Each structure stands twice: as C-alpha cells, then as structure tokens.
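>
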Amino acid sequence: MACVVPTRKTKRPKLGFNVFGLDTSNRIVRCHLIRHKLNGSNTDPANFAPCHQDPTNNSWMWQKVEAKIAAQVDANNPVLMGVKPVYTTNNPRPDLIVVNAVGENGWTCGRTFPT
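Going by full-length UniProt numbering, the first residue of the sequence shown is number 1, and it counts up by one from there.
(1) For ASN26, which option in HIS52, THR115, TRP60 has the closest C-alpha, if you only look at C-alpha atoms?
(2) Taking its Cβ as the centre, do 16 or more other Cβ atoms sit within 10 Å of THR115, making it buried, or is it exposed?
(3) Restricting to Cα atoms, I'd like to know which of ILE97, GLY40, ARG12, VAL19 is closest to PRO80.
(4) Report buried or exposed for ALA49, applying the criterion of at least 16 other Cβ atoms within 10 angstroms of its Cβ.
(5) Output the distance between the C-alpha atoms of LEU96 and PHE113, rounded to the nearest integer angstrom.
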C-alpha cells in the first residue's frame with residue numbers, strides 16, 4: 001500500500017540486491033510493485049517481484065495504471081494504491097499482479113496483469 005502525494009521527480013538509484021526468481025537471460029527482471037516515482041520503496045525487497053521486462057514492466061504497468069495514478073496525483077488528487085502479487089504455483093514469479101487505486105476525489109482504477 002502507498003499513499004501517493006506527490007510523485008517523485010528524482011531519478012531512481014541503482015538497485016543493490018537481487019530478487020529470488022530473477023533471470024535476466026530470459027528477460028525476467030525486478031519489478032517494483034509500487035513504482036519508485038509513485039513513492040514505492042527502492043530498498044525494501046518486499047516491494048519487488050520478478051516479472052517479464054516486456055510487456056509487464058515496461059508497457060502495461062506504466063501505460064494502463066501507473067501513468068494514470070501519476071496524472072491524478074500531479075492534478076492534486078492524492079491516491080491510495082495497493083498492489084498484490086498473486087501466486088498459484090511454487091514459481092518464484094507471481095502469475096498475476098493486481099493493482100487497485102482510489103483517489104481522494106473518488107477516482108478509481110484497477111487492473112490485473114500477467115507477469
């Protein structure tokens with residue numbers, strides 16, 4: 001869970017740890033569950049899960065949810081967001097990532113992404 005007010009404008013520092021299930025040879029990367037720009041931790045391993053770089057990490061998460069949340073926050077509408085990785089097997093990579101957000105003004109957004 002994160003309350004996003006305001007968005008971060010600083011560049012994300014390099015990550016100094018691995019995530020169980022990371023496999024860059026197959027483009028499985030460390031995905032922020034709550035993006036650094038949206039005030040997600042860049043140092044807490046609990047804020048990361050392995051996922052495919054494309055399209056989950058690059059396209060879907062940003063275009064379908066995170067950019068919309070950032071736009072709400074930048075328009076002075078604080079947003080509470082929750083992100084939940086869903087595991088249905090013993091695979092260290094979650095099968096789904098579920099994102100829900102609600103703005104102080106009643107705006108809502110929810111999406112489910114395969115990883």
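We put the beta carbon where it would ideally sit given N, CA and C, even for glycine. Keep in mind it's a predicted model, so treat the numbers as computed, not measured.
Answer, in terms of the structure:
(1) Checking every option, the nearest Cα to that of ASN26 belongs to HIS52.
(2) Looking at its Cβ environment, which holds 16 or more other Cβ atoms inside 10 Å, THR115 is buried.
(3) First, the amino acid is wrong: residue 80 is Leu here, not Pro. The shortest C-alpha separation from LEU80 is found at GLY40.
(4) buried
(5) 5 Å
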